[in-house]
Structures are given as C-alpha cells and as structure tokens.
Amino acid sequence: MAALLSVQNLRAAYRLANGVELHAVDDVSIDLREGEVLGVVGESGCGKSTLATILALNAAPPLYVKSGTMQVQGRHADLTESDPLPRSERGKLISTLPQSAMNAMNPTTRVRDLAYDVLRAHERTTRKAAWGRAGARLEQLGLPTRVLERYPHELSGGMRQRVITVISTLLDPTILIADEPTSALDVSSQRAVVEMLKDLLARKIISGVLFITHDLPLLRHIADRVAVMYAGKVAELGPTERVINTPEHPYARALVGSILVPEPHIRAARVLGIPGSPPDLAAMPKGCRFHPRCPLADTRSREEVPPLVEVGDSGSHFAACWRTLEARQLLAGNLVGGPDGRVG
Amino acid sequence: MDASVRPSHTGVQKSPVDQTQPLLAVRNLNRTFGSGANAVAAVKDVSFELYPGEIVALVGESGSGKSTLARLLLRLLAPTSGEIQLLGKNVTHGPKTAYWREVQAVFQDPFASFNQFYSVRRVMLSALGVLQKQPTRAERDSRLRTALSQVGLSESLLEKRPYELSGGQRQRVMMARALMLAPQLLIADEPTSMLDASLRVSILNQLKDVRDATGTTLLLITHDLGQAYYVSDRLLVMYRGELVDTGPTEQVVAQSQHPYTRALIADVPTLH
Amino acid sequence: MIRSLFGNGRFRLSFSLIALIVVTALVGPRLDDRNPLFAVGGRYDEPSSQIWLGTDAIGNDVFLQLMHGLGTSLYIGLVAGVVATLIGVAIGTLSGYIGGLLDEILMGFTNILITVPTIVILVLLSVALQNRSTLLLGVIIGVTSWPWTARAVRAQTSSLKTREHVDVAKLSGAGTFGVIMREILPYMMSYVVMAFVLQLSSGVLNEAGLSLLGLGPSQSISLGKMLQSALQGEALRTGAYWAILPQTILLSVIAFSLLLLQSSLDEFFNPRLRRR
C-alpha cells in the first residue's frame, strides 16, 4: 500500500528559558496509508500532541524540530525548516481538527463567516461562494444547513465539533490531523464525530486521518492501525485489533489493562492501572524509557534503548521492547515452523 | 458489603446508623435557572435515596443536569423546590456547616480545586473549619496522618505546593482533605475525567478502598459508564434533568429496558 | 521570578525611570533648604550657572520648585492611587462575588459615576473645600476615580468565584469575607497591582489638571501648580520655555514610565502576551 504521508526520524524539543531542551518527540517514524485512520494513543506528556502540532506544520517556538523529513503526496519536506511546505499548498494537503476548536473562536463570528475565513485563507473566493460551498458540504454529510447562520455558543458541544470537522475539511485536504477531537464530548457525540470522519473518508473528501487520543477503546471504532506512544517514542505499532487484543509492549499491555469498559470481566477483579507516572522530560531514564514502571525490566532494558522491531508475522506489528524480542526469539527457537509465533 | 457498623477512623463515635434508614433522601428536587420564557429546568423532579456504605454512580451525558444535582446535594446551590433529608432530617435550608461535617466533595479539576497559594497541609487543615470546636494539635496531626494514609499518600507531601504535585496526587490530596472530617457521604463529581486512564483506575480503587475501610457512602458522578460500572453498587441514570433509570449496576447494564440507558450503553466504545 | 522580571527590557527601563524620579523627589528638597516659594530673582530670568532653570513669573527658582513640586505630585498620586484601588477592589469584589441585588445597586452607582465626567465632580468637591491639603486632594482624586477599577475587579471576581477552589473553601466553612480575601484576591493580585499603577499615573495627571484650574493644593508647590503659574504668567508668549518645559516633561516622563511599567507587568503576568 502506498504511503500517503511518511514521516522519518522526527525529533523535536521544547527549549526552556534557561536553555534546557526537553525532548518531547524522539526519533519517531510513521506512515499513514491511503484511506487509513492511524490512531496515536498515550498518556498525557507522551508527545502525541507535539507530534500533531509538528505534522500540522504548526511548530513554533519554544518548540523546535531538531530533525525529520516528511513526504506527502510525492512532495518532500524538511520539517526543520520554518516553512516546510508553501502556505498555498498546505490547506489542500494537511488540515487540523483540534479539541474544542470553537471554544477558542470569536463568539461573535457566525459559522458561515468562519467557513469564509477558512476558504479565503487559501484561495480567492467570495462570501456567497464560500457559504454555498459550506452549505452543500453540510447537506452532503447530513447536517442541517441552518447551522451556518448560528453563532458557536448556540450549538451543542457535539454539533459544534461536527461543524468544525466540516469546516476544517472544506478544502478537501489529503490528510486530516485530529488532535483529541472527541475528548471533551460525551459518548453519543463522540460517536457522531467518529461516524462523520468515516463518512469523509468513504466519500474520498479526505484520504487519511491521524487520530490522536488518550482513549484506546474509541480507536477500536475508527482506527485501522494504532501507534502507542510513551515518553516521546513509539512503543508499539500495529493493526488496531492486534494492539488491543494481543499487545506486545508491556506499556501497551498495561494501558489496555487499565481501561474500564462496561463488560462483566471488569467487575470480576481489581483493575490495577500502571504504577508510577510517566517520566519527567528533563530526566529521561536511560535505556527503555518505560523501565522504571515495567514489571519485566532487566539489566538490558535499563541500559540500552530497544529498537522498534517486527513482532508479528504479517509485517505490520511492531514493538520496542527487549523482553518481548527475547521471548519471541526463544519461541522461534523452540517452535520452528509453528503456525503463530506471537507472544501472549 | 457490611455497613451496619460504621467504624470511625478518628475515634469520634458518630450516631449509630440504621441500615434500613437512608443516609440521604432526595424528594422531588427541582432547580430552574432563569425565569419566564428563558427558564431552563436543569434538575426536574428528582427523587432518590442513598443508603449507608453504598457506592452509587450517577451517570449522564454533559448537560444532563448531573453537575447541577451535585451542587444541590452539596448545598452550594439552593433548589427551586423539593427537599433533601440527611438521616431523616430535613436539611434543605438552614445552617450549612453542620451539613458539611457529614457531606463532603471531591471535584473534577485537580488543578482548579487547589488554592494555588496553599500547601497540602493548609488545604487539608482548612477542612476542619466546619467543626464546632477546633481540635487540639495532637488530634489535628492524627487526622492528617489517617487521612493521608487512607489515600495512600506519604506525609512528606504535606509541605508541598500544588504545582509540585501531579494531577493524580492532587486528586488524592482533595480526597484526603474531605476525609479529614470523616464524612458520612462523599460526593465525587467527575473526579477522574481530567486524569489519564491509568490514573483513573487507581483513583477509583482508592475511593472503593475508603468505602471498604470506613463505610463512607460514595456518590460518584461521571459521564463514563465504564467507570461507573467498575466501581458502583447501584446506578442512577440522568437524562435532560430527570432521573430516568435506576437499579443495581450489573442489572441496569445487562437488562435495562429504558431506551435512553440502552442508547447510552450502545454508544460506549468497548474492547471486545 | 524577580530575575525573569528584570529580564524584560521594558520593565528595566520603566523601573529605572521610576526609581530615579522617586529618589529625586525624596533627596532633591533636602539638598537645598531654601523655601521654593521665596523669590530669588526677577521675572523670567534666563537659566544661569546659579539658577539652573531660571526663574518663573514672580522670580522663584524653577529648579528648586521642581524638586519640591515633584514630591507633592507623587504624594498626591500615591494617595489617590491607594484610595481608588481600595474602594475599587472592595466594591468590585463584593459586587462580583455576592451578585444579585447588591451587584445591581453597586454597579448602577458605579456606572453613574463613570458617565459623569470625573473632572466635574473633582471641581465641585475641590471648590466646596476651603483648605485643600495635599492629603485631602489625593483622597478627593481617589474617591472620584475608582469606578473603572471596580468594574474590572467585578468582572475578574465573577469569573474567579466559579472556580472549584472557591467551592472547596465554602465546603470548609469559609464565609464571604474569607473567600474573598483568601480565594479571590490572591488570584487577582497581579491585576490589582496593575490597576494600582494605572491609578497612580492618572492620580498624578489629575492633580495637574486640578491645579491648572486653580484648584491645586493650598500652601505648597506641585508640578500642576507650576504649570498653572507658567500659563498664568504667559511664559509661552514671553518665550520663557524654561518656566514651562521642565514640569511638562517631568509629568510626561512620570506618566510614560508608569504606563510602561504597567504594560511590562501585564506581559510578565500574562505570558501569552510575551513577544516571541
């Protein structure tokens, strides 16, 4: 499958006033495929929002990209430059869907004027034409066109987020970067936004979505693949069902294990969460960054950084853990030619 | 669970609690905001009981009125009509400090609920302001120690300032603050919604442990059915200001016939 | 914190200017114990090595007057600033926190005061008083200029009172006064400090305005009274620039450095405003 967006070796840091650099994203490489939703999940401070900011080409001081390239639709961009892609092309290539965008919006701007502003920023258009286009798009996606006349505060939280989704995709961007778009919503509105993103993909209005969230179960309903991030690195990457059902990295396993869903097994035993807290970016542990919280950590985990290597047989499941790797090698040695080399 | 004998961890014996008498009873509670054509009924004719030692979860989507109901129950907001009874006594109006000795709260935002100029010690000791008689220094210290240990925090945190604590630690401090008073009812209004998934579990476990250890009744207000399901004995489902469904948690989730409850359950993302 | 405050160039500049002005006002009069209201020469003597800034219309030493007048002006501005800030904060917090009918009454009163031009009230009050000491003048200016502070403080208070730590304090048995003093005021101290700096600057300017109208402090010299006597003595027409420029420049510098201080404090307290 062709990669729509390919990011290589991305490193980025926040520079503090005292000159100290906090590495929020460290050597992250990911691909987004045609027609795909790639979920990025992790606890707060894991670097997922920094990643979104950089890929949306919104990195600004004190955030500095130290290295990294991006390929999008055959265009090559060096992310360390201040303007990796010409402004005129950005709107058609990449758009963002932030969390509760309308709360930050001028409350005296009507939805239709917001649509006009967005279109005008990227192409020559008239008010009438912009409103017409926004209206047609709303209708196409099954939303009432009268919301164009409304002010943000007149819409419910869920409707607001759906309307902002429509507006942020008015230019038919190739890639939509959704940064916690549903985190402030209740479950019913969450579902509506997720359905709308799927609809946008099905209609080929957009070609790929990077969906950033801390809500792993939600990804089961939208993402084709999931990247689990921890302390600025990708800990595990694979098809959604595999990552959720058979997580390979101890962190991913703990994350899946601490999810509370209304299913009978949850009440059967005490759920144990993850001990400790994510590392301080200013004092990153040596070796595997999860080792201070990991029940499996050994000497090697404490010393050497584990690489992200394949752990499935389909060529699609990767994890960065020495212990997982060892277990797999051990199994492969014992069960040569076994039907499935997965580690439970 | 056994709540017939309510151990009091401070050594102060409270009145014996009758298992069959509700700790808190709410009768036809209403709260309307605004007036005339602009009137919005945030809480409509809500009635329910909380029994000693129970963990009850109040679930509903945003705008369902559950936070308004929480403020009514905490007497931070006066109802338009209706009655709140604590152990059979009408407490809808009248002095609040006595009420707050028995009913305390933990709020949603671990950052905003902290006075940022206070140390942990000061935040915790401030709770004693509702007591009639200020305890001796020795008793204050013993309450501090007990409360901290009940939420699994070390005493070394006492002199810390809020910005030195993580979100999870702050939320535990707020729990410990409430426990300083050994309240009969603890109302937790979305205590985990601003925390990471891994921390959510530990806060909920902590709340459960507090109930198990002290018999404190717990009302957990949440929009997350998964959390409610994990921790609660009984569910109250709120929709557009009304209490639409109630029952033992497992029974409601598995068998509820109410269309709103069913829709709510159907919308929750699941793992399997 | 202090270090990062001094890292701001505009803060350094305004702070140095204000420090210089204050030191001059405190030390200046002590260097020369002659009475500034005592003539030393003729009408509009030009600046010379003895009389640095020349003399005014009635032969007083302009430099000596400047040294004495500066202190008076600053004192009046300070009194006005303190009075206005105290009243503004008291009315603003009560109105915003308690709300309801009290809010309607207090804000109604505040809005009436805002619509009536301050200078009219100032003139009426000053005329009504026979002997206007510097303290009294400061108080008069203060009690007429609090409404803007009150409105701003009220807006801050009504947003702060919905924060959860206020609820926590209430559940801890804190009363209205306790909540305002411990949960509301500390959170807007930065705001109050900035409002005070602005009130200080407008207090100094208001004194000048009143003095220009002949309603300045009795039996003392101030920058405003110097302006007034220069205008009355037709210093401009006579070409005696030394009798009018020094106090004008000094007033402008005071107002400028206070405004600059306020804006640099604003930037310090609200990092979002910081320039990249």
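These protein sequence lines are chains C, B and A, in that order. Each residue of the first sequence is one higher than the one before, starting from 932 at the first, in this note's numbering. Each residue of the second sequence is one higher than the one before, starting from 30 at the first, in this note's numbering. Each residue of the third sequence is one higher than the one before, starting from 6 at the first, in this note's numbering. Glycine residues also receive a C-beta, built at the ideal position from the N, C-alpha and C atoms. As the structure is a computational prediction, the values presented were derived from the model and not from experiment.
Does DSSP classify residue i as helix, strand or coil?
| i | result |
| --- | --- |
| C/HIS1007 | strand |
| C/ASP962 | strand |
| C/SER998 | strand |
| B/GLU188 | coil |
| B/TYR128 | helix |
| C/GLY1269 | With a pLDDT of only 41 at C/GLY1269, under the threshold of 50, the placement of this residue in the model should not be trusted, and no figure is reported. |
| C/PRO1209 | coil |
| B/ASN67 | helix |
| C/PRO1104 | coil |
| C/PHE1221 | coil |
| A/PHE261 | helix |
| C/MET1215 | coil |
| C/THR1027 | strand |
| B/GLU112 | strand |
| C/THR981 | helix |
Spatial neighbours of residue i within its chain, please: CB distance less than 6 Å, with the 5 preceding and 5 following residues excluded, ordered by chain position.
| i | result |
| --- | --- |
| A/HIS73 | PRO34, PRO41 and ILE226 |
| A/LEU75 | ALA30 |
| A/VAL27 | none |
| A/LYS166 | TYR102 |
| A/LEU10 | PHE16 and PHE273 |
| A/GLY78 | Note that residue 78 of chain A corresponds to Ser in the displayed sequence, not to Gly. These residues qualify, in order along the chain: VAL209, GLU212, SER227 and LEU228. |
Which residues in chain A sit within 7 Å of residue i, going by Cβ to Cβ distance?
| i | result |
| --- | --- |
| B/ASP138 | GLU169 |
| B/GLN133 | LEU176 |
Would you say the beta carbon of residue i is closer than 7 Å to some non-hydrogen atom of the ligand MG?
| i | result |
| --- | --- |
| C/TYR1182 | Ligands are entirely absent from the displayed structure, and the ligand MG is therefore not among its contents. |
With 8 Å set as the bound, which would you pick, yes or no: does the beta-carbon of residue i sit closer than that to a beta-carbon of chain B?
| i | result |
| --- | --- |
| C/ASP1130 | no |
| C/VAL938 | no |
| A/GLY178 | yes |
| C/ILE1190 | yes |
| A/LYS166 | no |
| C/ILE1143 | no |
| A/PRO191 | yes |
| C/GLY1088 | yes |
| C/ARG1122 | yes |
| C/PRO1178 | no |
| C/PRO1226 | no |
| A/GLU51 | no |
| C/ALA1185 | yes |
Note down, in chain order, every chain B residue with its Cβ under 8 Å from the Cβ of residue i.
| i | result |
| --- | --- |
| A/ALA235 | Going along chain B, no residue has its Cβ under 8 Å from A/ALA235, so there is no contact; the nearest lies around 50 Å. |
| C/HIS1053 | Within 8 Å Cβ-Cβ: nothing; C/HIS1053 doesn't reach chain B, min ~33 Å. |
| C/ILE1175 | LEU300 |
| A/GLU188 | ASN144 |
Give me the chain B residues within the contact set of residue i, using Cβ-Cβ distance strictly less than 7 Å, ordered along the chain.
| i | result |
| --- | --- |
| C/VAL1202 | VAL230 and TYR259 |
| C/PRO1148 | PRO298, THR299 and LEU300 |
Compare the C-beta of residue i with all C-beta atoms of chain C and state if any pair is closer than 8 Å.
| i | result |
| --- | --- |
| B/ILE84 | no |
| B/ILE113 | no |
| B/SER285 | no |
| B/GLU271 | no |
| B/LEU106 | no |
| B/LEU53 | no |
Just checking: is the beta-carbon of residue i within a distance shorter than 8 Å of some beta-carbon in chain A?
| i | result |
| --- | --- |
| B/THR126 | yes |
| B/GLN198 | no |
List, in order along the chain, the chain C residues whose C-beta lies closer than 9 Å to that of residue i?
| i | result |
| --- | --- |
| B/ASN234 | ARG1201, VAL1202, LEU1203 and GLY1204 |
| B/ALA71 | None at all; the shortest Cβ gap to chain C is about 15 Å. |
Using a Cβ cut-off of 8 Å, pull out every chain C residue sitting near residue i, in sequence order please.
| i | result |
| --- | --- |
| B/SER96 | Those within 8 Å of B/SER96 in chain C number zero; the least Cβ separation is about 12 Å. |
Quick one: residues in its chain with C-beta nearer than 7 Å to the C-beta of residue i, no 5 flanking neighbours on either side, listed in chain order?
| i | result |
| --- | --- |
| C/THR955 | It is worth fixing the name first, because residue 955 of chain C is Ala in this sequence and not Thr. Cβ within range, chain order: ALA943, ALA944, TYR945, GLY978, THR981, GLY1163 and LEU1212. |
| B/GLN235 | VAL180, GLY181, ARG201 and MET204 |
What does residue i reach in chain A if we use C-beta pairs closer than 8 Å?
| i | result |
| --- | --- |
| B/LEU103 | ASP172 and LEU176 |
Run through chain B and tell me which residues come within less than 9 Å of residue i, C-beta to C-beta.
| i | result |
| --- | --- |
| C/ILE1197 | GLY255, TYR258 and TYR259 |
| C/SER975 | GLY196, LEU224 and ASP225 |
- Task: Determine which residues of the segment 236–268 of chain B have a Cβ less than 9 Å from any Cβ of chain C, and write them out in chain order.
- Result: Taking 9 Å as the Cβ-Cβ cut-off against chain C, the residues of the segment 236–268 of chain B that qualify are LYS237, HIS252, ASP253, LEU254, GLY255, GLN256, ALA257, TYR258, TYR259 and VAL260.
- Task: With 7 Å as the C-beta to C-beta threshold (strictly closer), list the residues of the segment 1157–1169 of chain C near chain B in chain order.
- Result: none
- chain C contacts from the segment 182–195 of chain B (Cβ-Cβ distance under 9 Å): SER195
- Message: Please list, in chain order, the residues of the segment 141–168 of chain B that have any C-beta partner in chain A closer than 7 Å.
- Response: ALA141, SER142, PHE143, ASN144, PHE146, SER155, ALA156, GLY158 and VAL159
- At a Cβ cut of 8 Å, what residues of the segment 1098–1119 of chain C count as close to chain B, listed as they run along the chain? LEU1116, ASP1117, VAL1118 and SER1119
- Near-chain C residues of the segment 214–226 of chain B (beta-carbon distance less than 8 Å), N- to C-terminal order: Under the 8 Å Cβ criterion, the segment 214–226 of chain B contributes ASP225 and ALA226.
- Chain-ordered residues of the segment 1064–1087 of chain C with a beta carbon less than 8 Å from chain B: SER1087
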